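Presented below is the structure to which this report refers.
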Amino acid sequence: MSAKTIIVFFNLKSTTDETQYLQWAKESDLPTVNKLSSVSSFEVFKGISMFGQDKPLPWDYFEIIQIDSEEAFLSDIQTQEMQKIVEQFQSFSEDAHFIITENILTA
C-alpha cells in the first residue's frame, strides 16, 4: 500500500463565524487529526485568489491530509473523538469534496 493524500475543498456555511471556525480548526481539528496513527501530516489552507484570474474562488478552504493508507485512516476515524470532529466540521462547512490522490512520481 502506498501513501495517499486526501485533498478537501470546502466553503464555510453562511451562518458560520469564520473566527470561531479558525479557533476550532487550530485548537481541535488540527491536533486531533494530526495525532491519528494513520496521518503523517494535516494542514488547512485558506484560498486567497485565483492565480492570474479576476474571478471568485469556487472554494475558500483546503485541507491536505497525508495518510498511510485509506483503510488505516477509515479505521482511525471511527473513534468517538473523531466522530465528534467530523460532526463539528460538518456544522461549520458546506460543499465539501474529499479527493483521494497519490503522488504520480512515487506511485
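Sequence positions in the sequence shown follow our numbering and run 55 to 161.
C-beta: ideal position from N, C-alpha, C; glycine also.
Just so it is clear, the structure is predicted and the values come from calculations on it, not from any experiment.
Looking at the secondary structure, which residues open and close the beta strand (DSSP E) in which residue i lies?
{"i": "THR155", "result": "147-155"}
{"i": "THR59", "result": "58-66"}
{"i": "GLU117", "result": "115-121"}
With DSSP run on the structure shown, which of helix, strand or coil describes residue i?
{"i": "PHE105", "result": "coil"}
{"i": "LYS89", "result": "coil"}
For residue i, is the classification buried or exposed, using 16 other Cβ atoms within 10 angstroms of its Cβ as the cut-off for buried?
{"i": "ASP71", "result": "exposed"}
{"i": "ASP83", "result": "buried"}
{"i": "LEU159", "result": "exposed"}
{"i": "VAL93", "result": "buried"}
{"i": "SER68", "result": "exposed"}
State the start and end residues of the unbroken alpha helix (DSSP H) segment that holds residue i.
{"i": "LEU76", "result": "72-78"}
{"i": "GLU125", "result": "124-130"}
Could you tell me the alpha carbon to alpha carbon distance between residue i and residue j, rounded to whole angstroms?
{"i": "GLN120", "j": "ILE60", "result": "6 Å"}
{"i": "LYS80", "j": "LYS100", "result": "13 Å"}
{"i": "ALA150", "j": "ILE118", "result": "13 Å"}
{"i": "TYR115", "j": "ALA126", "result": "25 Å"}
{"i": "ASN88", "j": "TRP113", "result": "23 Å"}
{"i": "LYS138", "j": "GLU124", "result": "20 Å"}
> Does the segment 100-109 come close enough to the segment 129-145 to have 3 or more Cβ pairs within less than 8 Å?
Replying inline: no
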